[in-house]
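>
What follows is the structure, given as structure tokens:
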């Protein structure tokens, strides 16, 4: 599929998906949300893609939020539909079996931060600013932000970020547990791609099952999560990747994983 507002490059099993509306600080509009949904489906189905990196075009913004010009004329019904569409896209991203890393360059605000939070983890440039400014517009986060942020850093910190509408620095985002690591801006993308390439060399079946165990285990009692983990662990022992990985270790060679 051809995209108007996305750039997609794949190298060595790592797909780099760039939100490409720099003239609008990569703001999310309805068309872009539809393109993201299609891109996530395409990447999930592409056997050559093992890891995905999402970033924004230009130096100013990862994604500066939803497109306010588009939202300004919406009525209640349209606003509800827009939120549901955004949530569907974020949930599609979160449910991907493949690992997804956000490389946050510049502003990640509102829907942009919601996009980053839907990834498996976030790296940020040292000039990045993150926040939920929706309350300053008379609304609130609507693409899963209230749910994902509070589950990630707890309700108190989430309340502070969302209620004040203030932006936090990349360093504070690390301290609060929103971001995994901060790099100098010029190193952000190379370091993120390096991390993605390291993941791509592992047994991706194991990574996918671990992602499943973590995501689904959060909604279970701990004992149920332990049982779910054990069941997935057992399934992996029926795979070619398990046999190859352990044989390679014993034979002191690099494993050649097939994803089977």
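Residue numbers (our numbering): 2 to 261.
We treat Cβ as the ideally placed atom computed from N, Cα and C, and that holds for glycine.
Nothing here was measured: the structure is a model prediction, and the numbers come from that model.
#1: Given a cut-off of 8 Å, decide if residue 107 and residue 171 are closer than it, judged by their beta-carbon atoms.
#2: Quick one: what's residue 210 bridged to in DSSP?
#3: Under 8 Å between the Cβ atoms of residue 65 and residue 113?
#4: Could you name the residues of the same chain whose beta carbon sits closer than 7 Å to that of residue 178, not counting the 5 residues immediately before and after it, in chain order?
#5: Should residue 193 be labelled buried (16 or more other beta-carbon atoms within 10 Å of its own) or exposed?
#6: With distances taken Cα to Cα, identify the nearest neighbour of residue 204 among 18, 7, 14 and 167.
#7: Under a three-way DSSP split, which group does residue 111 fall into?
#8: Would you say residue 174 and residue 131 are within 8 Å of each other, going by their C-beta atoms?
#9: Determine, using beta carbons only, whether residue 51 and residue 121 come nearer to each other than 8 Å.
#10: Which word fits residue 56, buried or exposed, when buried means at least 16 other C-beta atoms lie within 10 angstroms of its C-beta?
#11: Would you tell me roughly how many angstroms separate the C-alpha atoms of residue 11 and residue 169, rounded to the nearest one?
#12: What are the boundary residues of the alpha helix (DSSP H) that residue 194 is part of?
#13: Would you tell me roughly how many angstroms separate the C-alpha atoms of residue 76 and residue 93, rounded to the nearest one?
#14: May I have the straight-line CA-CA distance separating residue 72 from residue 110, to the nearest angstrom?
#15: Looking at the structure shown, is residue 90 part of a helix, part of a strand, or coil, going by DSSP?
#16: May I have the straight-line CA-CA distance separating residue 136 from residue 31, to the nearest angstrom?
#17: For the alpha helix (DSSP H) that residue 176 lies in, which residues bound it at each end?
#18: Roughly how many angstroms lie between the CA atoms of residue 187 and residue 126, to the nearest whole one?
#19: For residue 237, name the three-state secondary structure that DSSP assigns.
#20: Which residue or residues does DSSP assign as beta-bridge partners of residue 102?
#21: Find out if the Cβ-Cβ distance for the pair residue 67, residue 27 is shorter than 8 Å.
#22: Quick one: is residue 251 buried, meaning 16 or more other Cβ sit within 10 Å of its Cβ, or exposed?
#23: Using the C-alpha atoms, what's the distance from residue 245 back to residue 160?
#24: Which of the three DSSP states, helix, strand or coil, is assigned to residue 1?
The answer reads as follows:
#1: The beta carbons of residue 171 and residue 107 sit no closer together than 8 Å.
#2: When DSSP reads this structure, residue 210 sits in no beta bridge, so it has no partner.
#3: Yes, the Cβ-Cβ distance between residue 65 and residue 113 is below 8 Å.
#4: If we look at residue 178 and ignore the five residues flanking it on each side, its Cβ neighbours are 153 and 154.
#5: By the 10 Å Cβ count, residue 193 comes out buried.
#6: Looking only at 18, 7, 14 and 167, the smallest Cα-Cα distance to residue 204 is reached by 14.
#7: Residue 111: coil per DSSP, three-state reduction.
#8: In this structure, residue 174 lies near residue 131, with their beta-carbon atoms less than 8 Å apart.
#9: With respect to the 8 Å criterion, residue 51 and residue 121 are not classified as neighbours on the basis of their beta carbons.
#10: Counting Cβ neighbours within 10 Å, residue 56 comes out buried, since at least 16 surround it.
#11: Approximately 32 Å, taken between the alpha carbons.
#12: Counting along the chain, the unbroken alpha helix (DSSP H) around residue 194 starts and ends at 186–201.
#13: Whole-angstrom Cα-Cα distance: 26 Å.
#14: The straight-line gap from Cα to Cα measures roughly 15 Å.
#15: Looking at residue 90 - three-state DSSP - the assignment turns out to be helix.
#16: Rounded to the nearest whole angstrom, the CA to CA distance from residue 136 to residue 31 is 21 Å.
#17: For residue 176, the enclosing alpha helix (DSSP H) begins and ends at 171–177.
#18: Cα-Cα distance, rounded: 8 Å.
#19: Per DSSP, reduced to three states, the secondary structure at residue 237 is helical.
#20: For residue 102, which the question treats as bridged, DSSP gives the partners 54 and 122.
#21: Not closer than 8 Å, so no.
#22: When all chains shown are included, residue 251 counts as exposed.
#23: Taking the straight line from one Cα to the other gives about 47 Å.
#24: Absent from the structure is residue 1, since the part of the chain shown begins at 2 and ends at 261.
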